[in-house]
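Just so you know, the sequences run in chain order A and B.
According to full-length UniProt numbering, the first sequence is numbered sequentially starting from 1.
According to full-length UniProt numbering, the second sequence is numbered sequentially starting from 1.
We put the CB at the ideal spot given by N, CA and C, even for glycine.
Note that the coordinates shown come from a computational prediction; the quantities given were computed from them, not determined experimentally.
Heads up: the structure comes next, in structure tokens.
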Amino acid sequence: MQATPGAIADEPVLELSGVYQHVKGQMALSDIALSVPRGEWLLVTGPNGAGKTLLARLLLGLDRPSAGRIQLLGRALDGLEGDALKRLRADVGGVLQGGSLLESATVLDNLLLPLRDEPLSRSAMARAARLVMTLLNLDGLENQVPRALSLGQRRLVELARALIREPKILVWDGFSEGLDLPAMRETLGVLSNLSRNRGLTLVATDNRPDILGDEPHRIAVLARGRLLFTGTADELEDARDTNLALRAALAGTI
Amino acid sequence: MSRARSSRPIPSDARTAPLFSGATGWIERIGLGGLALVRCLGLYGLILLGKARLDLPAFAASLRQAGLSILPAITLVTLVVGLILGHQSQSILARLDLPGLVLASGAYAVVMELVPILVGILVAGRAGVALAVRQASLAVSGEIDGLLINGIDPIRFTLGPVLLAMLLMSFAFTVWGSLVTLATAGLWLWGMAGLSPASLLGAFGRALAPGDLIEALLKPLLFSLLVALIATVNGTAAGRDPEGISQAATRTMIGAVAAILIADLLIVLFLR
Numbered sequence: 001m002q003a004t005p006g007a008i009a010d011e012p013v014l015e016l017s018g019v020y021q022h023v024k025g026q027m028a029l030s031d032i033a034l035s036v037p038r039g040e041w042l043l044v045t046g047p048n049g050a051g052k053t054l055l056a057r058l059l060l061g062l063d064r065p066s067a068g069r070i071q072l073l074g075r076a077l078d079g080l081e082g083d084a085l086k087r088l089r090a091d092v093g094g095v096l097q098g099g100s101l102l103e104s105a106t107v108l109d110n111l112l113l114p115l116r117d118e119p120l121s122r123s124a125m126a127r128a129a130r131l132v133m134t135l136l137n138l139d140g141l142e143n144q145v146p147r148a149l150s151l152g153q154r155r156l157v158e159l160a161r162a163l164i165r166e167p168k169i170l171v172w173d174g175f176s177e178g179l180d181l182p183a184m185r186e187t188l189g190v191l192s193n194l195s196r197n198r199g200l201t202l203v204a205t206d207n208r209p210d211i212l213g214d215e216p217h218r219i220a221v222l223a224r225g226r227l228l229f230t231g232t233a234d235e236l237e238d239a240r241d242t243n244l245a246l247r248a249a250l251a252g253t254i
Numbered sequence: 001m002s003r004a005r006s007s008r009p010i011p012s013d014a015r016t017a018p019l020f021s022g023a024t025g026w027i028e029r030i031g032l033g034g035l036a037l038v039r040c041l042g043l044y045g046l047i048l049l050g051k052a053r054l055d056l057p058a059f060a061a062s063l064r065q066a067g068l069s070i071l072p073a074i075t076l077v078t079l080v081v082g083l084i085l086g087h088q089s090q091s092i093l094a095r096l097d098l099p100g101l102v103l104a105s106g107a108y109a110v111v112m113e114l115v116p117i118l119v120g121i122l123v124a125g126r127a128g129v130a131l132a133v134r135q136a137s138l139a140v141s142g143e144i145d146g147l148l149i150n151g152i153d154p155i156r157f158t159l160g161p162v163l164l165a166m167l168l169m170s171f172a173f174t175v176w177g178s179l180v181t182l183a184t185a186g187l188w189l190w191g192m193a194g195l196s197p198a199s200l201l202g203a204f205g206r207a208l209a210p211g212d213l214i215e216a217l218l219k220p221l222l223f224s225l226l227v228a229l230i231a232t233v234n235g236t237a238a239g240r241d242p243e244g245i246s247q248a249a250t251r252t253m254i255g256a257v258a259a260i261l262i263a264d265l266l267i268v269l270f271l272r
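Right, here's the structure in full:
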């Protein structure tokens, strides 16, 4: 599989092979195979109900596949439990569609959640929180509770929480949810810097295939739980001219 | 693939599927309860070893929920039970002049059975149902997922602090409830039937041996444990369906009351 310019090395940080998922007796994902090298950005797109969120949840280890193998940072996800899974999760950040912030906790406490068991002083934790808050223009919101924030701010707090431990891979489900255009551009800039400087790998899902703009990335198109296409944005443009199923999926009619 | 199938969007979450249903569902529920207990005890072990921290805000909230919020109800209920006991004992004593026997049997029934069961049911109704609803709400709102992806065991925010608070408060309420009941009944009999405090205390003392008192104080701890595990299982079984929240609450209440009565029966039958 051809790597995009953002990819740092060919060694994949994420590999899926023959992944199937059944939900309520229905085939939700079918024979998914993907490989993402370190530093690469992958956008999983497709119409509503295509299986994007389900795929993101599998990558984050929140659900287990009915069949198939998911390899994350060199470790098979399906066999991991307890401390081993916890250690792996330290390297994987997640932003979930619909939100997953603790509603009863302040923004600061939400941000510090991933650092709870780290051997860090309270001041070191607060410094780390300030850093990500400044990075994402969230200064001044420390003592707010999530319900007092706009949807866009909540999404950014969730992103800040995912980035505070400096993950190697970020899985972002519903990339454009709640974000206006300027916020999205700024966020893309932040992620682009992290990708260049630290080799952050991004797997994002969204209905829109052009959501990552000019940032170098690959696109995977899902429809009815099947992977119809993987390639660059230019390759997708070429393929949609000749592939009717792909064109229908991207038009949201499949 | 047919058009009919394409009109059914794929659920975004495998856990929208019903949990613990079918013929083997009850085995899975018992297994989940056992796992939750093991993980909770593991958490307490880590806290004692200084390797984990008790979530103090959640513990304080649980103490409020399992404690202060039901203290008036427990006081009122045990006060009423004391008045009934006093009144009934007075009626019996008017026909049967055996104060030692009447008071001893009444005190024994109150301390050994009535108060622990009443405390268990009230704690189930308040703290148990609250735990089930919290567990289910956290799942529906995605907060459990947020904890998991950040490497935090959700039990640290749910069963861990709540079980500890329920154990502490049930113990305290059983002592308080027994004292309120016996004191109220004693005051009634002193004032209305003219029994002296010394004879009342003597009858209570003869009725309750130290072993009985230990059992009476351990029982609510067992009841709390059962209530907390039933609430955890029902809260988890609710999945991510908002309708599951109310089901979790009602199932917890019914399951907890049944479990308390069955556990009490088994203690009476096999441990005495």
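For the candidate residues the options, whose alpha-carbon lies nearest to that of residue i?
i                         : options                                : result
isoleucine 219 of chain A : A:Trp41, A:Leu16, A:Arg69              : A:Trp41
leucine 138 of chain B    : A:Thr53, A:Tyr20, A:Ala105             : A:Ala105
lysine 168 of chain A     : A:Leu60, A:Gln26, A:Pro216             : A:Leu60
asparagine 150 of chain B : A:Glu166, A:Gly225, A:Ala50, A:Ala245  : A:Glu166
valine 77 of chain B      : B:Leu101, B:Ile144, B:Leu217, B:Leu114 : B:Leu114
alanine 207 of chain B    : B:Ala107, B:Leu261, B:Gly86            : B:Ala107
glycine 177 of chain B    : B:Leu159, B:Pro197, B:Gly67            : B:Gly67
valine 19 of chain A      : A:Thr230, A:Arg226, A:Met125           : A:Arg226
glycine 51 of chain A     : A:Leu120, A:Pro37, A:Gln26, A:Val13    : A:Gln26
Within 8 Å (strictly less), CB to CB, does residue i reach chain A?
i                        : result
aspartate 145 of chain B : yes
glycine 142 of chain B   : yes
glycine 151 of chain B   : yes
leucine 85 of chain B    : no
methionine 1 of chain B  : No answer about methionine 1 of chain B holds up, because its pLDDT of 39 lies below 50 and its placement is not dependable.
leucine 148 of chain B   : yes
Identify, in the order they occur along the chain, each residue of the same chain with its Cβ nearer than 6 Å to the Cβ of residue i, setting aside the five sequence neighbours on each side.
i                            : result
glycine 186 of chain B       : Leu200
methionine 1 of chain A      : Low confidence applies here, because methionine 1 of chain A scores a pLDDT of 43, under 50, leaving its location unreliable; read the following figure in that light. Correct list, in chain order: Ser35.
phenylalanine 173 of chain B : Ile74, Val119
alanine 249 of chain B       : Val129, Ala132, Val133
tryptophan 172 of chain A    : Val95, Ala204
serine 2 of chain B          : Reliability of the predicted coordinates at serine 2 of chain B is poor, the pLDDT of 40 falling under 50, and the value obtained from them is presented with this limitation in mind. Contacts found: none.
phenylalanine 175 of chain A : Ala204, Asp206, Ile211
alanine 203 of chain B       : Gly100, Leu103, Ala104
leucine 77 of chain A        : Gly61, Ile70
How would you write the range of the beta strand (DSSP E) that residue i sits in, first residue to last?
i                           : result
histidine 22 of chain A     : 12-23
valine 111 of chain B       : Note, valine 111 of chain B: premise wrong, no beta strand (DSSP E); not H, not E.
leucine 42 of chain A       : 41-45
phenylalanine 59 of chain B : Where phenylalanine 59 of chain B is concerned, there is no enclosing beta strand (DSSP E), although the alpha helix (DSSP H) it sits in stretches over 56-66.
aspartate 78 of chain A     : No beta strand (DSSP E) holds aspartate 78 of chain A; DSSP gives it neither H nor E.
valine 145 of chain A       : First-last for valine 145 of chain A: undefined, no H or E at that position.
tryptophan 176 of chain B   : No beta strand (DSSP E) holds tryptophan 176 of chain B; the alpha helix (DSSP H) holding it covers 159-188.
aspartate 173 of chain A    : 169-173
leucine 222 of chain A      : 218-223
Helix, strand or coil: which one does DSSP assign to residue i?
i                            : result
leucine 244 of chain A       : helix
leucine 29 of chain A        : strand
threonine 205 of chain A     : strand
glycine 93 of chain A        : strand
leucine 96 of chain B        : coil
leucine 34 of chain A        : strand
glycine 68 of chain A        : strand
phenylalanine 229 of chain A : strand
arginine 130 of chain A      : helix
arginine 185 of chain A      : helix
proline 5 of chain A         : Confidence in proline 5 of chain A is poor, its pLDDT being 48 and thus under 50, which makes the residue's placement unreliable; the coordinate value appears in the next sentence. In the structure shown, proline 5 of chain A sits in coil (DSSP, three-state: anything other than H, G, I, E or B).
leucine 159 of chain A       : helix
alanine 218 of chain B       : First, the residue type needs correcting, since residue 218 of chain B is leucine and not alanine in the sequence shown. It is helical.
Compare the C-beta of residue i against all C-beta atoms of chain B and say whether one is closer than 8 Å.
i                        : result
arginine 208 of chain A  : no
glycine 46 of chain A    : no
alanine 67 of chain A    : no
leucine 14 of chain A    : no
serine 100 of chain A    : yes
glutamate 166 of chain A : no
alanine 84 of chain A    : no
leucine 62 of chain A    : yes
glycine 94 of chain A    : yes
leucine 136 of chain A   : no
alanine 90 of chain A    : yes
leucine 113 of chain A   : yes
glutamate 103 of chain A : yes
arginine 185 of chain A  : no
What residues in its chain sit with their C-beta under 8 Å from that of residue i, if we drop five residues either side in the sequence?
i                            : result
aspartate 238 of chain A     : none
phenylalanine 157 of chain B : Asp55, Ala58, Leu138, Leu147
Identify, in the order they occur along the chain, each residue of the same chain with its Cβ nearer than 7 Å to the Cβ of residue i, setting aside the five sequence neighbours on each side.
i                      : result
alanine 238 of chain B : Ala136, Ala139, Gly244, Ile245, Gln247, Ala248
From what residue to what residue does the alpha helix (DSSP H) around residue i run?
i                     : result
leucine 55 of chain A : 52-59
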